[in-house]
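Trainee:
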Amino acid sequence: MKIPLSSVTLSELERRYVLDALDAGAVSSSALAVGAFERAIAAATGRREAVATNSGTSALELTLQALGCGPGDEVVVPALSFASPALVVQRLGARPVFADVDDTWTLDPTDAARVLSPRTKAIVAVDVFGHPCNYDALAELGVPVVEDAAEAFGAAYRDRPVGAFGVAAIFSLHANKVVSSGEGGCIVLDGPELADRLRQLNAFGMAPERRYWHTDPGCNFRMSGLVAALALAQLERADALIDGRRRVAAAYDAALAGLPLQRRPVADWARESVWLYTLAARDRAAVLESCRAHGVDARAVWPALPENPVFRPLGPRPCPRARALAAQAFWLPTWADMGAEDCAAVVAAVAAACVDEVG
Ligand SMILES: *Cc1c(COP(=O)(O)O)cnc(C)c1O
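Note that this note's numbering has the sequence shown beginning at 5, numbered continuously upward.
Now the structure itself:
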């Protein structure tokens, strides 16, 4: 492929912070950069606390464990998402319950209400493709919400940044995310008690006042100092990284207008952050084939989650909107410093397929 789906945008700042950490021997999870990263991401999202982790998936698992999710519990997750929320629920021995998405492509509060039961422990609301969920409507359901903002750093719901919603929110710093350290993640939240609980579980479940005395089935999902140095530099450059992706999206918007493609909709109460530029097409296969032939790594989005073999024992759940989008939506290559020439090459590949369809 000549044009990848995504690429990490690094600068001199990342290099300097990582070398500084190396020179100081500050590579462990107790390095200063970890605390500095946590304070910076809490401040960026208007939260009081942050707990850095080694991935977005581990951030979700740790959060749900701290909320007490286990066997006998149910957790509502959207049927259109990367699989992490549903996978971690299952790993904790609880049951993921799929709800459909609405016309914003995010979790439908009405369908979520339909699947609530006395066993529902939490709802994981995914800000999918960089668009916030309808947090006021979800809050009315009266169930703890965990915000999965992995794809949405820089987005806002009614002027409040994503990461600010629910009992806790998580971010991923995976290589294709808006702010990235290759791998990494974070939990942001307000309650000091839940934060202490998260830190204790993430320190092998040791009693805070007694070393090597384990009171809980804990884990080590901690972020290392070198990763935190990289993540802190990315966070300090977040505005440029967010704007860079918005510029790419604006170029795609302008160049693709008029073609039979549906751009990911944006609600009037939302400000999207561009993760991967997402579209839907009736003849997606033709577009993806043309992109492949032109060396462009455009990709179909995930299958609807209930389709996956790992979730089939849960039984069927209709989720018609998620299924329809899973059949039509796809991503175009997107990264912060993607050049105009690469954008133009992608547009040409997409347009070639659409012209074929019309002609
Ligand atoms: C990327 C992603 C995750 C997982 O993050 P990792 O850091 O790769 O573990 C979780 N949820 C969503 C919605 C994601 O897009």
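Glycine included, every Cβ here is placed at the ideal spot set by N, Cα and C.
So is Thr219 buried or exposed if we call it buried at 16+ other beta carbons inside 10 Å?
Mentor: exposed
Trainee: I want to check one thing, is the minimum distance from the CB of Val55 to the heavy atoms of ligand 1 below 7 Å?
Mentor: no
Trainee: Counting beta carbon pairs with one atom in the stretch 21–30 and one in the stretch 251–267, are three or more of them shorter than 8 Å?
Mentor: no
Trainee: Using a threshold of 8 Å, state whether the C-beta atoms of Leu309 and Ala83 are closer than that.
Mentor: Yes. Within cutoff.
Trainee: Contact check, Gly189 vs Ser294 under 8 Å by CB: the rounded distance?
Mentor: Contact flag wrong, Cβ pair sits at about 35 Å.
Trainee: With a cut-off of 6 Å, give the chain-ordered residues whose Cβ is closer than this to any heavy atom of ligand 1.
Mentor: Ser59, Gly60, Thr61, Ser85, Phe86, Ser88, Val130, Asp152, Ala154, Glu155, Ser176, His178 and Gly189
Trainee: Check each candidate in Leu280, Ala349 and Arg286 and name the one with the smallest Cα separation from Asn180.
Mentor: Leu280
Trainee: Is DSSP giving Phe133 helix, strand or coil here?
Mentor: helix
Trainee: Given a threshold of 16 other Cβ atoms within 10 Å of its Cβ, counted over all protein chains shown, does Asn224 qualify as buried or as exposed?
Mentor: Exposed is the call here.
Trainee: When you compare only the Cα positions, how much space is there between Ala129 and Phe334?
Mentor: Each residue's alpha carbon lies about 21 Å from the other.
Trainee: In chain order, what residues of the same chain have a beta carbon less than 8 Å from the beta carbon of Val79, not counting five sequence neighbours either side?
Mentor: Short of 8 Å from the beta carbon of Val79, and not among the five residues preceding or following it, lie these beta carbons of its own chain, in chain order: Leu68, Cys73, Pro89, Val93, Ala98, Arg99, Pro100, Val101, Thr124, Lys125, Ala126, Ile127 and Val128.
Trainee: Could you give the distance in angstroms between the alpha-carbon of Arg249 and the alpha-carbon of Glu345?
Mentor: 15 Å
Trainee: Is it buried or exposed for Leu26, if we count other Cβ within 10 angstroms and need 16 for buried?
Mentor: Classified as exposed, Leu26 has fewer than 16 neighbouring CB atoms from the shown chains inside 10 Å of its CB.
Trainee: Hey, could you find the ends of the beta strand (DSSP E) Arg226 is sitting in?
Mentor: Looking at the DSSP string, Arg226 is not in any beta strand (DSSP E), and its letter there is neither H nor E.
Trainee: So within the stretch 197–285, which uninterrupted alpha helix (DSSP H) runs reach at least 4 residues, ignoring any that extend past its ends?
Mentor: 229–240 and 242–260
Trainee: What residue does the alpha helix (DSSP H) around Ala54 start on, and which one ends it?
Mentor: Unbroken run through Ala54 is the beta strand (DSSP E), Glu53 to Thr57; no alpha helix (DSSP H).
Trainee: Taking Cβ to Cβ, would you say Ser185 is nearer than 8 Å to Ala235?
Mentor: yes
Trainee: In whole angstroms, what is the alpha-carbon distance linking Arg51 and Pro212?
Mentor: Rounded to whole angstroms, the gap between the alpha carbons of Arg51 and Pro212 is 23 Å.
Trainee: In angstroms, rounded to a whole number, what distance separates the CA positions of Asp115 and Val105?
Mentor: 8 Å
Trainee: My understanding is that Ala242 touches Thr13, with C-beta atoms under 8 Å, so please give their C-beta distance in whole angstroms.
Mentor: The Cβ separation is near 11 Å, so there is no contact.
Trainee: Taking all protein chains shown into account, decide if Leu23 is buried (16 or more other Cβ within 10 angstroms of its Cβ) or exposed.
Mentor: Counting Cβ neighbours within 10 Å, Leu23 comes out exposed, since fewer than 16 surround it.
Trainee: Label Asp131 either buried or exposed according to how many other C-beta atoms from any shown protein chain fall within 10 Å of its C-beta, with 16 as the threshold for buried.
Mentor: buried
Trainee: Give me the Cα-Cα distance between Glu151 and Pro122, rounded to the nearest whole angstrom.
Mentor: 21 Å
Trainee: Among residues of its own chain, excluding the 5 on either side of Glu18, which ones have a beta-carbon nearer than 7 Å to its beta-carbon?
Mentor: Leu234, Ala237 and Gln238
Trainee: Check whether the stretch 198–209 and the stretch 37–57 touch, using three or more Cβ-Cβ pairs below 8 Å as the test.
Mentor: yes
Trainee: Pick out whichever of Gly222, Val38, Met5 and Lys6 has its Cα sitting closest to the Cα of Ala232.
Mentor: Val38
Trainee: For Ser15, which residues from the same chain have a beta carbon less than 6 Å from its beta carbon, with the 5 sequence-adjacent residues on both sides left out?
Mentor: So no residue of the chain qualifies.
Trainee: In this structure, does DSSP put Phe315 in helix, strand or coil?
Mentor: helix
Trainee: Nearest-angstrom Cα distance between Pro2 and Arg164?
Mentor: The question about residue 2 has no answer, for the chain in this structure spans 5 to 363.
Trainee: List the endpoints of the continuous alpha helix (DSSP H) containing Gly39.
Mentor: Segment Leu36 to Thr49, the alpha helix (DSSP H) holding Gly39.
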